[in-house]
Amino acid sequence: MKFCKKYQEYMQGQQKELPGVGLKKLKKILKKCRRDFESHQELDGAPPAADHCSHQCPVCDGTFFSSLLKEMSAVVGCFSERAQKLLELHLASGFQKYFIWFKGKLQGNHVALMQEGKDLVTYALINAIAVRKILKKYDKIHYSNQGQAFRSQAQSMHIEILQSPWLCELMALHINLRKTKINSKNKVPALFEGCSLTFDDDDKPSLSCELFDSIKLDIDLTCSICLETVFDPVSLACGHIFCYMCACSAASVTIVDGLKAAEPKEKCPLCRETGVYEGAVHLEELNILLRQSCRENWEQRLQSERVERIRQAKQHWEYQCRVFMGV
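With the first letter of the sequence shown counted as 1, position 53 gets the number 913 in our numbering; the numbers rise by one all the way through.
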């Protein structure tokens, strides 16, 4: 079965109407582009050897990329919102959990929770494949690299779904629940297979996941600032993960003020992209996973960072008192 048909059947089979990539519509734009090019070749008397249209195509560039951009934004927005609600529900405790269940009208059981997680991962991956295939088709017809360039642009605009921090959190959730399943008599279904926390020869951890249609995710969990395993991890809007204190230091803010207080001009230490701190996400599930899997390192970092956090908090409140007193 061709992927386009498989994708259409998947989207039509969803209980809720979800935003997706309009593969059929986008392919029609590309087919029209090819037909127009071939008809121009025949009128000019040139042999129809070329199988691509003009490098600068007003038809495609005027409708293709704008439509795809809008669809990708809707997909990543829907995925992020639903994943955030799911993780909120899992991390909540006591009365708060029942309140969220009641508010969201969700069944209060782990089976429903895990099914939702599995559906979210599938939704993210199948749309990522759809985007990859339609951009590959664009480059094939136009004999260009504009499709690949558009993908890089989408990453800089934070609408590449595989770049989403919520996908990383769902991977960590899967491993956490798998461990809970081993230690519990209750059967909790896995979100997806092939996901694991691995360690290299230097005991540096990374999240890896083998997914369908040759997609493989590898997320390095070493902070590029302190060169240690990320502690109290936070993902910037660009998708890069750092320790929370390291990110605050890079953004020139204190831990009391937080990353949202960073100036828009501050850049990611890795990709040098600006404006990435305001949309930073605390990776709570990943923090739980590392606390359980790297217990000794986690305890050492907890002790060392506690001293620094107290120092920064003390300096902050002393400064606030001086301002209040007019000193």
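No residue lacks a Cβ here, since even glycine has one placed at the ideal position from N, Cα and C.
{"Check": "In this structure, does DSSP put V1141 in helix, strand or coil?", "Outcome": "strand"}
{"Check": "Is it the case that the Cβ atoms of C1103 and V1116 are separated by a distance below 7 Å?", "Outcome": "no"}
{"Check": "Taking only the alpha-carbon atoms, compute the straight-line gap between S1084 and C893 and give it to the nearest angstrom.", "Outcome": "45 Å"}
{"Check": "Please classify I1075 as buried or exposed, where buried requires at least 16 neighbouring CB atoms within 10 angstroms.", "Outcome": "exposed"}
{"Check": "Per DSSP, which residues does S1095 bridge with? Please list them.", "Outcome": "I1101 and V1141"}
{"Check": "Leaving aside the five residues before and after L1149 along the sequence, list all residues of the same chain whose C-beta is less than 6 Å from its C-beta, in chain order.", "Outcome": "A1032, I1035 and N1036"}
{"Check": "Look up K891 in the DSSP assignment and say whether it is helix, strand or coil.", "Outcome": "helix"}
{"Check": "Short of 6 Å in beta carbon distance, which residues of its chain neighbour K1127, apart from the five on each side in sequence? Order them along the chain.", "Outcome": "T1134"}
{"Check": "Since I believe L995 is in contact with Q1008 (beta carbons under 8 Å), could you give me their beta-carbon distance rounded to a whole number of angstroms?", "Outcome": "7 Å"}
{"Check": "Can you round the beta-carbon distance between M1105 and E1168 to whole angstroms, since I take them to be within the 8 Å contact cut?", "Outcome": "7 Å"}
{"Check": "Spatial neighbours of E976 within its chain, please: CB distance less than 7 Å, with the 5 preceding and 5 following residues excluded, ordered by chain position.", "Outcome": "L946"}
{"Check": "Measure the alpha-carbon distance for R1166 versus F924 and round it to whole angstroms.", "Outcome": "52 Å"}
{"Check": "Roughly how many whole angstroms lie between the Cα atoms of W1026 and M1185?", "Outcome": "44 Å"}
{"Check": "Output needed for D911: all residues of its chain with C-beta closer than 7 Å, excluding positions within five of it in sequence on either side, in chain order.", "Outcome": "Low confidence applies to D911: its pLDDT is 46, below 50, so where it sits in the model is not reliable enough to give any reading."}
{"Check": "Could you tell me which residues DSSP puts in a beta bridge with E1189?", "Outcome": "In the structure as shown, the chain begins at 861 and stops at 1187. Residue 1189 is therefore absent and cannot be evaluated."}
{"Check": "Since A1107 contacts H1018 with CB under 8 Å, what's their CB separation in whole angstroms?", "Outcome": "About 16 Å; that fails the 8 Å criterion."}
{"Check": "If we call anything under 7 Å between Cβ atoms a contact, is A990 one with L890?", "Outcome": "no"}
{"Check": "Give the single residue among D1061, D1062, D1063 and L1067 whose Cα lies nearest to the Cα of C1055.", "Outcome": "L1067"}
{"Check": "If I follow the unbroken beta strand (DSSP E) through L1130, where does it start and stop?", "Outcome": "Note, L1130: premise wrong, no beta strand (DSSP E); not H, not E."}
{"Check": "To the nearest angstrom, how far is it from the Cα of I1101 to the Cα of P1093?", "Outcome": "7 Å"}
{"Check": "Provide the residue span of the alpha helix (DSSP H) that contains E877, from first to last.", "Outcome": "That residue, E877, is in no alpha helix (DSSP H); it is neither H nor E in DSSP."}
{"Check": "Out of F939, L878, L1087 and A1173, point me to the one whose CA is closest to L1030's CA.", "Outcome": "F939"}
{"Check": "Within this structure, are the beta carbons of V881 and N987 separated by less than 7 Å?", "Outcome": "yes"}
{"Check": "How many angstroms separate the CA atom of K997 from the CA atom of C917?", "Outcome": "15 Å"}
{"Check": "For A909, which of helix, strand or coil comes out of DSSP?", "Outcome": "Unreliable placement is indicated for A909, whose pLDDT of 42 sits below 50; no coordinate value is reported for it."}
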